[in-house]
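This note's numbering puts the first residue of the sequence shown at 11, with every later residue one more than the last.
Glycine residues also receive a C-beta, built at the ideal position from the N, C-alpha and C atoms.
The next block holds one structure in the form of structure tokens; read it before the comments.
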Amino acid sequence: RVCVEMLDAHVAPGSLVLLITEERLTPIGEDEAFDFNGAQAQLVENGGALGVLVLSFSGYFLQVPATACRLLRAEELHGYDLVLGPKSSAEGLAQQMPDLLLEKGYVTTHVMLPARTRAGILQTV
11 RVCVEMLDAH VAPGSLVLLI TEERLTPIGE DEAFDFNGAQ AQLVENGGAL GVLVLSFSGY
71 FLQVPATACR LLRAEELHGY DLVLGPKSSA EGLAQQMPDL LLEKGYVTTH VMLPARTRAG
131 ILQTV
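In structure tokens:
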């Protein structure tokens, strides 16, 4: 299935995307393929028609065709106010966080760590 809202070469790294693919994908550095259909991710590099590099919210780097993802809508973030990933803008987050704290009294964040980093942290703990 091809996404009609596919990413073009002008979508900036740091943008949040939804993966739409019926194929199982093998993350970079892994041997096993997984189902990433419907997975949320942050755009790391945008090669336009050549494909995009993303980091999934579950911590896997994937190289996918631009036709396999679309921009994520705010209501699809499932309760997160902010997402911190490798291409997040520190300035943008610093501007948004105080406003959210004043408005709500708290900020709900999702921190994206590569799966191997997260496994290492959990092993240490």
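Item: Check whether L60 and S25 have beta carbons under 8 Å apart; Value: no
Item: Status (buried if at least 16 other CB within 10 Å, exposed otherwise) for V121; Value: exposed
Item: 7 Å Cβ shell around R34 - same chain, five flanking residues per side excluded; Value: A43, F44, D45
Item: Expected contact under 8 Å - CB spacing of L63 and P96 to nearest Å; Value: The pair is not a contact, with the Cβ atoms about 10 Å apart (cut-off 8 Å).
Item: Cβ distance (whole Å) where L29 is taken to contact G57 below 8 Å; Value: So it is not a contact: roughly 16 Å between Cβ atoms.
Item: Nearest to T119 (by Cα), restricted to the options A51, G89, R126, E101; Value: G89
Item: Which of helix, strand or coil DSSP assigns to L123; Value: coil
Item: For L29: DSSP bridge partner residues; Value: C79
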